[in-house]
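The sequence shown begins at 17 in the working numbering and counts up by one.
No residue lacks a Cβ here, since even glycine has one placed at the ideal position from N, Cα and C.
I have placed the structure first, in the form of structure tokens, so that the comments after it can refer back to it.
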Amino acid sequence: MASNDTTPHSNLVLPLSLKEGCLTSAFLSMGFILWLEVALLLLLTVKRNKSLYYRALISANIGLLFWILGIMLSNLLQLNPWIGMSFAVPGYLIFVPSELAILYSRLHVVGASSRLLLYVRIVCTLEVIFITIPTAVIGFGVRVATYTVPAFIPAADTMYKIECCIWSFVNTLIAGIYLVLLLKNWSRDSKEPGVRRLFAHLVASTVVLALVMASWIAISFSGALETLEPIMCLVFGLSLAVEFTMVQMLRELVRSKRKNDGRSAAYLSGASGFSVHQTRPLEPESGQEKHRKTMSSDMELRDILNEPGLEAGMEDVYVSPSGQILARSGRRSSR
């Protein structure tokens, strides 16, 4: 779409050419396959849905489905714009905040500092308020009000470019921070095959996702808006698949380490700033401190591990952010 188009319509509402139809069908199909894969994995593997990570993942999966249906109805079936946008806009508004919550939760899992998490929350909130919501409004307008408000066309052209650049930057930045934190926390175990394999997969997944996002940016600046919206289905679906795969690998690695060293991972970090850890079996108070080494984690790791309760012989240890032991439950769980 040329930015100097002054006619009261755009190629967004015209029938697709053969090339555009093939590209749209391909991107929608790949996005739907990725959505279906993540949906099936969620149904088959998730037993506990109380964690922020899995709730956000389920929400993002629902949003992606609505987005794919909306683009399919609008671009391929050429139905009334109101029908397609009634699916696409809610799906977009559901998916983007949910995906940002997934990224935030993933940083939690690897033990990011409270200050870093605060900065990430601020960035995610600003993106939703100043980028996501305006893009959804303008995207809705360019579909349903193009004939009456032609100004929506250049506005959509500009916002789509800004949105894909900001989205790609935030995703790549958080993925990079995640890799750095994971490498820092697991550096002493970097020679283990499982850790090396995890790092290799994470780096490869991040590079592939960055390349797809770079293609997304290139398409947005080429002016091919008809192709831009369908490729977002592929980008969003790939993002979900990568996120799910990363946490599945982390879960298996944590379980493997726990079998090897006999210790449980830290699993709970409350909103008040206190952490709850599972330690080795209860020992005399004098010898407890030297055995209280646990892997950093957050309130979601226990749910991510799908664990119904404390391991036998473990105790709850409440730890302040500074590392001081505040209280012990003194309970022995039995199963």
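Residue range of the alpha helix (DSSP H) that includes residue i
i, result
"Ala72", "Leu68 to Ile87"
Buried or exposed (CB count within 10 angstroms, at least 16 for buried), residue i
i, result
"Glu305", "In this prediction, Glu305 scores a pLDDT of 41, lower than 50, which makes its location untrustworthy; the coordinate-derived value is nonetheless stated afterwards. Exposed: under 16 other Cβ atoms inside 10 Å."
"Ser231", "exposed"
"Asn77", "buried"
"Cys38", "exposed"
"Tyr70", "buried"
"Ala234", "exposed"
"Arg213", "exposed"
"Tyr135", "exposed"
"Arg137", "exposed"
"Phe260", "buried"
"Glu268", "exposed"
"Ala161", "exposed"
"Ala191", "buried"
"Thr40", "buried"
"Phe237", "exposed"
"Leu119", "buried"
"Val211", "buried"
"Gly286", "In this prediction, Gly286 scores a pLDDT of 33, lower than 50, which makes its location untrustworthy; no coordinate-derived value is stated."
"Thr174", "exposed"
"Trp83", "buried"
"Ala2", "This structure gives no information on residue 2, because the portion of the chain shown stretches from 17 to 351."
"Ser313", "Reliability fails at Ser313, whose pLDDT of 42 lies under 50, so the model's placement of it is uncertain and the value that follows must be treated cautiously. So Ser313 counts as buried."
"Leu56", "exposed"
"His307", "Confidence at His307 is low in this model, with a pLDDT of 37, below 50, so its placement is unreliable and the value that follows should be read with caution. Burial call: exposed."
"Arg351", "Only weak support is given to the placement of Arg351: the predicted model assigns it a pLDDT of 38, under 50, and the value that follows is read from those uncertain coordinates. Exposed is the call here."
"Tyr283", "For Tyr283, the predicted model reports a pLDDT of 36, less than 50, meaning its position is unreliable; a value from the coordinates is still stated below. Buried, by the Cβ-count rule."
Residue i CB to nearest heavy atom of the ligand SAH below 7 angstroms
i, result
"Lys177", "This structure does not include the ligand SAH; it has no bound ligands of any sort."
Below-8 angstroms beta-carbon distance, residue i vs any chain B residue
i, result
"Leu59", "In summary, chain B is missing from the structure at hand, where a single protein chain is found."
>> Going residue by residue through the stretch 100-168, where are the continuous alpha helix (DSSP H) segments of at least 4 residues, counting only ones entirely within it?
In response: 130-143 and 149-160
>> Using a Cβ distance threshold of 8 angstroms, determine whether the stretch 247-255 contacts the stretch 46-53, with at least three qualifying pairs required.
In response: yes
> Quick one: any contact between the stretch 184-202 and the stretch 216-230, if contact means 3 or more CB pairs under 8 angstroms?
Replying inline: yes
> For the 8 angstroms Cβ check, are there 3 or more pairs between the stretch 103-119 and the stretch 134-151?
Replying inline: yes
> Looking at C-beta atoms only, is the number of pairs between the stretch 128-137 and the stretch 93-101 that lie closer than 8 angstroms three or more?
Replying inline: no
>> Suppose only complete runs of 4+ residues qualify. What are the alpha helix (DSSP H) ranges in the stretch 226-267, listed by chain order?
In response: none
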